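Structure first, then comments.
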Amino acid sequence: MASAKVNIAIRCRPFLQNEEQDDAVQVSAHREDKDGEADGFVSVVNPRDAREKFRFSFKSCWDQSNTQEEIFARDVRPILEQVLSGYTACIFCYGVTSSGKTHTMQGSPTEPGIIPRVVRYFLASGWGAERSGVKVAVSYMEIYRDEVYDLLVARAEAPKLPVREAGGQIFVANLSERSITAPQQFEELFTVACRSRSTGSTLLNRASSRSHAILTIRVQLTRTDGTMTEGKINLVDLAGSENNKLTGNDPSRMAESSAINRSLSVLGQVVDALNRNLSRVPYRDSKLTRILQPFLGGNSMSLLICNIAPGAKFRQDTLNTLNFANRTKEVENRPVQAAPTKAPPKPKPTQTHQRRYSELPRPRTSMLPAPPAPLARQLPPRPRSSLLPAPPPPAFARSTSSSRRMSALPSSGSGSHIPTLATPVRPQRHASALSQEDIQRQIADAVQREVKRQVEERLAAAAEARKEEEAMMLRERRAWENKAREAEVLKKRVEELERKNTVTTDISADDHTVAQILSPDGNEKLAQALVVAARTVQDKGQLDKALESYKRALQYVPNNKKLQVRIEEVKSAMEEGKTLKQFKRDRVARATGSKASSYQGLSVALGKHKRPRSKTVPGSYDADAESENEPPRRLEAFRSLTEMTLEYAKGPPSAHKRRKSNRGNPFPPPLIEVEDSPMPIGEEMNDGGKPKLARSRRVALQEVQNVDL
Ligand SMILES: Nc1ncnc2c1ncn2[C@@H]1O[C@H](COP(=O)(O)OP(=O)(O)OP(=O)(O)O)[C@@H](O)[C@H]1O
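The sequence shown begins at 1 in the UniProt record's numbering and counts up by one.
Here is the structure:
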């Protein structure tokens, strides 16, 4: 078959008893065929604008009134015919919690869902035109918190099962498989298995599935022409995505919930990667996607049933589900049909055998735990009773481990046989041919062999896990070593460039190159190192060297305003022949009208502190030079300081506020001219410096208020 896109069906459940009803989500299930295709759509009121509706069209839309039978007849049955002709298929139910996935997949005794219908359909499909028999076998697993468990094994004994890959096939190792001969037998088996499935109560669903459940049905159809086809179908009831606010989950439920949401998110990523034709599809990121790999972009056919719940309460989840459906409908599979093989010759039972065999009571295989297949396989051949021909071997005697392993695989087309649907209990008449002692010995041998096999298997699994872990560690170490090597090369290169540059004052082109090579983080670190170097020489009074280092640092962080200011300061200090400290002190004094810093300057201006005479900066206010009979000048200075202090006491304004407040302000904050970008003093400070400045100015304001003029 050529490529086939994943089929999508949308199903909206009815409102439940305690739910508030509204029209937020509406399904229009036309059921009109357009060119042989059904056409329907779902409309959802936009949560942000009630006048607007989102509309999603799909081939198959089912509303509250549609029955299980309708869905089965229209969407599921055609797939089953393909499975009988040798294809592998998968049907998933996807949706938010309590949207009706389990109802659709399992149903109830009065409204059976897809699973019981599929089993009945297969069991009944062996007889008709050109058909001469069918064999059906099932396996059932759940993925709970990203671990796989066999649901056909009592939960207390069910170990975590590994997912493996061999010959390009992915399978769950040691998953058991049971032959099914009658619907009643399956129902009993399935009821028991479902009880083992992890469910729990949430605010949204009293019996919420806490795991993804996958039922695999393998079916072999024999035809009258002596050929046989084998197909397989996976029926997947996914756990629902959950909004913990709505479900009211407790911590243990939350852990389950996060595992569920995580695996579903990987499922979404897989779909996205397939749609975008990415080279890496993250199938391996969760067990769910690993197991479902053949059904998403693989060699099988798939139907995704998206369950939605009505009403505004679930509207966002409904939109998410419909978006997922929209994306998934673009995913393409390439279904491969298994070629028919020759059916094995039927045993020719004698009359005696037939009579005796059919006389045996039919055990309830579904309720019995199956003996492990290899145990039966390895039993020595039964001694033939002298007159009787050998009866057909019991089911498990022919169930090979490979057939058990295939349970999670798409049909390989190899024609592997489903075991004869007979009883796992050995007929007594054969047992009676052996002495009690022989039986005991054989059982002991078989048990020993089985224990040995299991131990070997576990050891092999542990060795494989160890190997994987080692490989991962090796990969990590190599990655780390590579990084270290790269860093070393880069460091050497930088050192080399540094060496070259120390003799020049101009910024060489190499600095720009280094800045381009380094990451932003690396640039910052290098700049910091250069600033530290600059400070060291600056403290020694070597301003020219400091300037050179600062300039080079700026190449790595060209937008750093503090550094730009610092360079200008150093340049100015050099021009004025001062140390940087002196220059800064004088600048503040110039800006505040005093030689001292704002607070000290103010105190001095008010005559509170005596300060040694110093050189007067032309144009600045010199408190010492002031005489007692110059009150107007002192008053003028005081007013100016008060205004300025009031302005600063507000704290450093934001750039926006500052721009706004400076409009028409007669006392704008002092500006330091840095090339084209004038910057107020507060700007050059770091965040810790600004509050300190504001505090000191607030103190200054108090001083001003206490002045007795
Ligand atoms: N089509 C339907 N008709 C009638 N009742 C329905 C339908 N679909 C779902 N329900 C009811 O809604 C409730 C929730 O359904 P169900 O348990 O199937 O949800 P779910 O999606 O499997 O939830 P979770 O993910 O939590 O397991 C059940 O009581 C079920 O009987």
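All C-beta atoms, glycine included, are put in the ideal place defined by N, C-alpha and C.
Remember, predicted model here, so these are calculated numbers, not experimental data.
Near residue i, which residues of its chain fall below 7 Å by C-beta distance, leaving aside the five closest residues on each side in sequence?
i, result
"Glu576", "Phe583"
"Ala29", "Gly40, Cys61, Trp62, Asp63 and Asn66"
"Arg284", "Arg290"
"Gln337", "Met1, Ser85, Gly86 and Tyr87"
Enumerate in chain order the residues of its own chain whose CB-to-CB distance from residue i is below 8 Å, with the five nearest sequence positions on each side excluded.
i, result
"Gly311", "Phe15, Glu19, Glu20, Gln21, Asp22, Ala24 and Val25"
"Gly541", "Thr579"
"Ala193", "Tyr140, Leu151 and Leu152"
"Arg262", "Asp146 and Ser286"
Apart from the five residues just before and just after residue i, which ones in its own chain have a Cβ nearer than 6 Å to its Cβ?
i, result
"Thr321", "Gly95, Cys306 and Ile308"
"Tyr556", "Ala515, Asn523, Leu526 and Ala527"
"Val27", "Cys12, Val42, Cys61 and Asp63"
"Glu147", "Lys160"
"Ser117", "Correcting the residue type first, residue 117 is Arg in the shown sequence and not Ser. Taken in chain order, the residues that qualify are Phe72."
"Gly100", "Arg13 and Asn307"
Work out the CA separation of residue j and residue i for me, nearest whole Å.
i, j, result
"Gln17", "Lys313", "14 Å"
"residue 710", "Asp586", "The requested residue 710 is not part of the displayed model; the chain covers only 1 to 709."
"Gly240", "Lys452", "41 Å"
"Val45", "Glu52", "6 Å"
"Ala259", "Asn7", "27 Å"
"Ala129", "Tyr121", "15 Å"
"Lys525", "Ala553", "10 Å"
"Asn275", "Phe72", "28 Å"
"Arg195", "Ile439", "36 Å"
"Glu256", "Ser265", "14 Å"
"Val532", "Lys492", "20 Å"
"Met254", "Gln316", "20 Å"
"Ile79", "Arg155", "32 Å"
"Ala273", "Phe56", "22 Å"
"Ser176", "Leu235", "16 Å"
"Ala484", "Ala465", "28 Å"
"Cys93", "Asn323", "15 Å"
"Met472", "Arg164", "17 Å"
"residue 711", "Ile91", "The chain is shown only over 1 to 709; residue 711 falls outside these bounds and no answer can be derived."
"Ala173", "Pro162", "6 Å"
"Lys5", "Val331", "6 Å"
"Asn482", "Leu474", "12 Å"
"Phe58", "Asp75", "13 Å"
"Ala446", "Thr216", "29 Å"
Quick one: grab the DSSP three-state call for residue i.
i, result
"Thr88", "strand"
"Pro112", "strand"
"Val336", "coil"
"Ala156", "helix"
"Ala213", "strand"
"Lys578", "coil"
"Ser263", "helix"
"Gly522", "helix"
"Gln64", "coil"
"Arg223", "strand"
"Gln169", "strand"
"Thr97", "coil"
"Thr102", "helix"
"Asn7", "strand"
"Phe15", "coil"
"Val281", "coil"
"Arg355", "For Arg355, the predicted model reports a pLDDT of 40, less than 50, meaning its position is unreliable; a value from the coordinates is still stated below. Arg355 falls in the helix class under three-state DSSP."
"Gly268", "helix"
"Gln293", "helix"
"residue 763", "Because the chain here runs from 1 to 709, residue 763 falls outside it and cannot be looked at."
"Glu147", "strand"
"Asn234", "strand"
"Lys483", "helix"
"Leu175", "coil"
"Leu189", "helix"
"Gln26", "strand"
"Ser435", "coil"
"Val42", "strand"
When the cut-off is 9 Å and only beta carbons count, does residue i lie next to chain B?
i, result
"Gly167", "Going by chain labels, chain B is absent from the structure shown, which holds only one protein chain."
I want to check one thing, is the minimum distance from the CB of residue i to the heavy atoms of ligand 3 below 8 Å?
i, result
"Arg11", "This structure does not include ligand 3; its bound ligands are ligand 1."
Going along the chain, which unbroken runs of the alpha helix (DSSP H) with 4 or more residues stay wholly within the segment 304-328? 315-328
Quick check for students: name the residue ranges of the beta strand (DSSP E) that lie wholly in the segment 110-144, counting only runs of 3 or more. 131-144
Runs of alpha helix (DSSP H) wholly within the segment 525-575 (minimum 4 residues, chain order): With a minimum length of 4 residues, the continuous alpha helix (DSSP H) runs that stay inside the segment 525-575 are 543-556.
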